[in-house]
Amino acid sequence: MNGTIGYGLVLGGLAFAAFGAVVGIFTGLRRSEAGFPWVMRAVWGFAGCMIAANLVMVYALVTHDFSVKYVAQVGSRDTPLLYTVVSLWSALEGSILFWGLIMGGYIGAFAWVHRREHARYMQLALGTMLAVGVFFAFLIAGPANPWGAMSPVPADGPGPNPLLQNHILMIIHPPFLYLGYVGMTVPFGVAVAGLLRGEIGEAWMAPLRRWTLVAWLFLSIGIILGAWWAYAVLGWGGYWAWDPVENASFLPWLTATAFMHSTMVQERKRMLKLWTLSLALASFVLTILGTFMTRSGIFNSVHSFTQSDIGPTFLVFLGVLLVVCIALLAVRGPLLVPEGRMSSLVSREASILVNNLVFVAITFTVLLGTLYPLVSEAVRGVRVSVGEPYFNKMAVPGGIAVLFLMGVGPVLPWGTPDKATLRRQFLIPTGVGLVVSVVCFAVGMRGFYPLLTFGLAGFVTVITLRELVAPVRVRMAERKEGLVTAVMTSATKAQRRFGGYVVHLGIVLIIVAVAASSSYVKHTSGTLKKDQVMELDGYKLRYLGLVSGEEPHRTFVAARVEVTTPSGKVDEQKPRLNYYERSTDPIGTPAVRETAGEDLYISLMAFSEQAGNASFNVWVFPMVGWIWWSIPLLVLGTLIALWPRRRAVVALSGAELGAAAPLAGDDAKQGAA
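For the sequence shown, position 551 (counting from the first letter as 1) is numbered 554 according to my numbering, and the numbering increases by one without interruption.
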C-alpha cells in the first residue's frame, strides 16, 4: 500500500510540474498573465506531492515495510530510529526522492515570497523551475524508482551504509549539501526568465542575488561539514583530498561566489550583465554535473553512490541544459548591452572583474583535473590519475590571488581613484601584513606560500575590520522627471556590504587554517605493546590496552591511550574500530583532542588481542579546527546580507538636488558602496 501511494504521489508531482512548465513558459513568452494562477496551482501541487511522497517513504522506513524496494534495500529492525529516518537519503533512489522534496520546497518558497510580483516575470521563472522539476520527478518515477514491490517480502533488511551511521555529521551534512545543490535551481529559473525577456534590471537582479546567496550559504556549510566528516570519521588524517565528488561540490561554489561579486558591478555600474547571467547558469549546470558524477557510479569515491542506471539519463539532461544555455546566451545576450563602462583599471569594478577571472580559472583547473581521467579513458582506453599535487600546484596560487583581491577590492573606489588617498589607505594594512609574515618566520615557520598567506591574511583582516567599523553614508539621490527621489537603498547596500565583510572574515579563517594545517602537520605511526610510549611534537602517548562494547547497530573495539601534552596535562583518548553487520571491514572513529591552536589526531589502524599490541597513526594539525569554526561567521554574514530592510522613499524638490547629488559623487570617490 505504501509503495502504491508513494508512486501515485510522484506521478502526480510529475503531472503538476509538466503542466506548470508548459503553461508558465508559453504564457510568459506571450506576455499574457492569464496563466499565472494556474502556474501557482501547479507549484503548490508539485510541492505538495513531493513532500507527501517523502513522508510516505519515511513512514515505510519507520514501520519496516519491507514490501517497498527501497526499505528492503536500506532498512533494518536493528537500526536506531534516528538513522532509520535519515536512511531516506542513504542510497541512490532515496537521495533522488529527497532531492524532489527539497526542490518542491524551494519552488514553493520562491512562489510564496514573490507571489505579488509581476506575473509575466514569475510565470517564466516558475515555468523554468518546474521544467527542472519534470526531469527529477521523471527520475523518481522511472530510472530511480524507490517504490518497487518486493516478492517475496524479506523479514529484515541490511540497514543503511555503515559510513552513514558512524557519525552525527552524516545526519546533517547531506541535507545541507542538497539544499545548496537544489537551491541553484531558483537562480537558474530567474536567469533563464531574464534571458527570455532580454532584460536584467533590479526586478530580476534582487531575487537572483538573494536566492543565489541562500543556496551559496547551504552549499558552503555542506562542503565544510563534509570535510569535517571526512576528518572525524575516515581516520586518514585529512579533510580534503581533491576527491572527484568533493570537487563536484566545489565547482558550483566557485562560480556562485564569482556571480555574487559580479552582481555588485552590474548593480553599481550597469556592466557585466551577460557575464553575470552566464555565471548563474553555469552554477546550476555544474550542480547537475556534480550530481551526475556522484550518482552515475563512474567515479570510485567514498562519497559516491554505487553503479546505477541513471547515469545516461543525467548525461542527456546535462547535454540539453548546455544546448539551452548556450542558445539563450547567443540569441538573447546581445540585448543585455552594458550601460556603463570601466573608467580605470585601478578601480573596484576592475578588481572584481579580475576576481571573477581568477575564480573561473580555478573552476576550469579543477574541472579539467577531475574530468581528464574519464576523457582519457574514453578516447585512448587508458585511465590516468590526476592527484593532489596537480590540484595544489594549480589552485594554491589562485587561492592566494583571491585572498589578495579580498583586501584590495574594498579599498579601491568605484571609478577613478585618488592616488594619494589610496596610498594612505594601503599603508597600515600592508605594514601589518609584513609584520605578521616576519613574526611567523621568527617563530620558526617556513615556506613561501604559507608565510605569504599569513601576511595577506593580516593585510585583509585589517582592511575588513576597518571597513566594518567605518561610518556608512546612507543617502542616495536619483533624478526622475525633474525631481530627486531619495531612496534608502544605500542603507540596504551598506547592510549587504557589512554582511559580506563578515563572510570575508570567515573565508580568511578557512584559508589560514588550511595553510597552517597542511603546511605544518606532524605525523608518526607505529605499533605499541601495553604501557609502551610513542612521542610526537611534545605529546607522549602511552598505550593502556583495549576495551570493547556493543551498541544497537554495531560493536566496537577501542584502544585506551593516555596522552600527556607538552604542558604536562594528562587525559585519556579512545580511538576505535566499529563493526557493522553489513560491512566486512571495520569503520574507524579516530580520537581527536581539540584545542584552539592544534588538534592531536589518533587513529587506531589495527590490533591483536593475542599479541597484546595495537597500531596507530598519529597527527598534530595546527589550527585545523578554525575551518569548522568559520561556519558561524558565514551564517552570520549571510543572514545580515539577506535580512529584509524596509525602504523609505522621500521626494526632494529640485532646489534640494544640489545638496543631495554631491553625496553620491563623494561616495563614489571614497569607495563607499
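We put the beta carbon where it would ideally sit given N, CA and C, even for glycine.
All values derive from a computational prediction rather than experimental measurement.
**Prompt:** Who are the Cβ neighbours of residue 19 in its own chain at under 7 Å, not counting the five residues just before and after it?
**Reply:** Setting aside the 5 residues that flank it on each side, residue 19 is surrounded in the same chain by 45, 48, 49 and 52, each with a C-beta closer than 7 Å to its C-beta; the list follows chain order.
**Prompt:** Are residue 162 and residue 585 touching if we call contact CB-CB under 7 Å?
**Reply:** Contact: yes.
**Asked** Whole alpha helix (DSSP H) runs in the segment 175-248 with 4 or more residues, listed along the chain?
**Response** Annotation: the segment 175-248 contains the following complete segments of the alpha helix (DSSP H) (minimum length 4 residues), in chain order: 188-200 and 205-236.
**Asked** From residue 175 to residue 228, what does the alpha carbon distance come to, in whole angstroms?
**Response** Looking at the two C-alpha atoms, the distance is approximately 8 Å.
**Prompt:** Where do the ends of the beta strand (DSSP E) carrying residue 605 lie?
**Reply:** 601-611 is the extent of the beta strand (DSSP E) around residue 605.
**Asked** Can you tell me the Cα-Cα spacing of residue 434 and residue 195, whole angstroms?
**Response** Their Cα atoms are separated by approximately 47 Å.
**Item:** Those residues which DSSP pairs with residue 625 across a bridge
**Value:** Note: residue 625 sits in a beta bridge opposite 601.
**Prompt:** How big is the Cα-Cα spacing for residue 577 and residue 23?
**Reply:** Inter-residue distance for residue 577 and residue 23 is about 56 Å (C-alpha atoms, whole angstroms).
**Prompt:** So what does DSSP say about residue 340, is it helix, strand or coil?
**Reply:** DSSP places residue 340 in coil when its eight states are reduced to three.
**Message:** By the three-class DSSP mapping on this structure, what secondary structure does residue 577 have?
**Reply:** In this structure, residue 577 counts as coil in the three-state DSSP scheme.
**Request:** Run the CB neighbour count on residue 288, radius 10 Å, all protein chains shown included, and call it buried at 16 or more, exposed below.
**Result:** That one is buried.
**Prompt:** DSSP on residue 584, reduced to helix/strand/coil?
**Reply:** It is coil, neither helix nor strand.
**Message:** For residue 470 and residue 504, I'd like the C-alpha separation in whole angstroms.
**Reply:** Cα to Cα, residue 470 sits roughly 8 Å from residue 504.
**Item:** Three-state class that DSSP yields for residue 530 in the structure shown
**Value:** Strand at residue 530.
**Asked** Near residue 201, which residues of its chain fall below 6 Å by C-beta distance, leaving aside the five closest residues on each side in sequence?
**Response** The residues are 335 and 338.
**Prompt:** Can you tell me the Cα-Cα spacing of residue 102 and residue 96, whole angstroms?
**Reply:** A direct Cα-to-Cα measurement between residue 102 and residue 96 gives close to 10 Å.
**Message:** Along the chain, where does the alpha helix (DSSP H) containing residue 467 start, and where does it finish?
**Reply:** 451-472 is the extent of the alpha helix (DSSP H) around residue 467.
**Message:** Out of 359, 269, 383 and 329, which one is the CA nearest neighbour of residue 343?
**Reply:** The residue with the shortest Cα to Cα distance from residue 343 is 269.
**Item:** Pairwise C-alpha distance: residue 179 and residue 553
**Value:** Each residue's Cα considered, the two are about 31 Å apart.
**Item:** Cβ neighbours of residue 409 in the same chain (closer than 6 Å, five flanking residues each side left out)
**Value:** Excluding positions up to five away in sequence, the list reads 463 and 507.
**Prompt:** CB residue 457 to CB residue 446, shorter than 7 Å?
**Reply:** At a Cβ-Cβ threshold of 7 Å, residue 457 and residue 446 do not count as neighbours.
**Prompt:** Whose C-beta lies closer than 6 Å to the C-beta of residue 10 among residues of the same chain, with five residues either side of it excluded?
**Reply:** Close CB contacts of residue 10 within its chain, under the 6 Å cut and outside five residues either way in sequence, are with 150 (chain order).
**Asked** Based on the DSSP output, what are the partners of residue 591 in its beta bridges?
**Response** Bridge partners of residue 591: 580.
**Message:** Quick test of the definition: if touching needs 3 or more C-beta pairs under 8 Å, does the segment 22-41 touch the segment 121-131?
**Reply:** Yes, since at least three Cβ pairs between the segment 22-41 and the segment 121-131 fall closer than 8 Å, the two stretches touch.
**Prompt:** Buried or exposed: which applies to residue 213, given that a residue is buried once 16 or more other Cβ atoms fall within 10 Å of its Cβ?
**Reply:** When all chains shown are included, residue 213 counts as buried.
**Request:** Return the residue from the list 406, 412, 369 and 376 that minimises the CA-CA distance to residue 395.
**Result:** Put simply, of 406, 412, 369 and 376 the residue whose alpha carbon is nearest the alpha carbon of residue 395 is 369.
**Message:** Give me, in chain order, the residues of the same chain whose beta-carbon lies closer than 7 Å to that of residue 245; leave out the 5 immediate sequence neighbours on both sides.
**Reply:** Correct list, in chain order: 391 and 394.
**Request:** Give a yes or no on contact between the segment 537-557 and the segment 595-615, applying the rule of three or more CB pairs nearer than 8 Å.
**Result:** Yes, the segment 537-557 is in contact with the segment 595-615.
**Prompt:** Can you give the Cα-Cα distance for residue 400 and residue 451, rounded to whole angstroms?
**Reply:** In a straight line, the C-alpha of residue 400 is about 11 Å away from that of residue 451.
**Prompt:** Where does residue 572 fall in DSSP's three states?
**Reply:** If DSSP states are grouped into helix, strand and coil, residue 572 belongs with coil.
**Message:** Assuming residue 551 is part of the beta strand (DSSP E), what are its boundary residues?
**Reply:** For residue 551, the enclosing beta strand (DSSP E) has its first and last residue at 542-554.
**Message:** So, does the segment 245-260 touch the segment 213-222, judging by three or more C-beta pairs under 8 Å?
**Reply:** With a cut-off of 8 Å, the segment 213-222 and the segment 245-260 count as touching, because enough Cβ pairs lie within range.
**Message:** Excluding the 5 residues flanking residue 567 on each side, which residues of the same chain have their C-beta closer than 6 Å to its C-beta?
**Reply:** So the list reads 543 and 573, once near-sequence residues are dropped.
**Asked** Should residue 109 go down as buried or exposed, given a rule of 16 or more other Cβ atoms within 10 Å for buried?
**Response** A residue is called buried once 16 or more other Cβ atoms fall within 10 Å of its Cβ, and residue 109 is buried on that count.
**Request:** Just confirm the distance between the C-beta atoms of residue 679 and residue 83, as a whole number of angstroms; I'd bet it's less than 8 Å.
**Result:** Only positions 4 to 676 of the chain appear in the structure, and residue 679 is not among them; the question remains open.
**Asked** Using CA coordinates, which residue listed in 432, 501, 378 and 519 is at the minimum distance from residue 448?
**Response** Nearest Cα to residue 448 within the set 432, 501, 378 and 519: 519.
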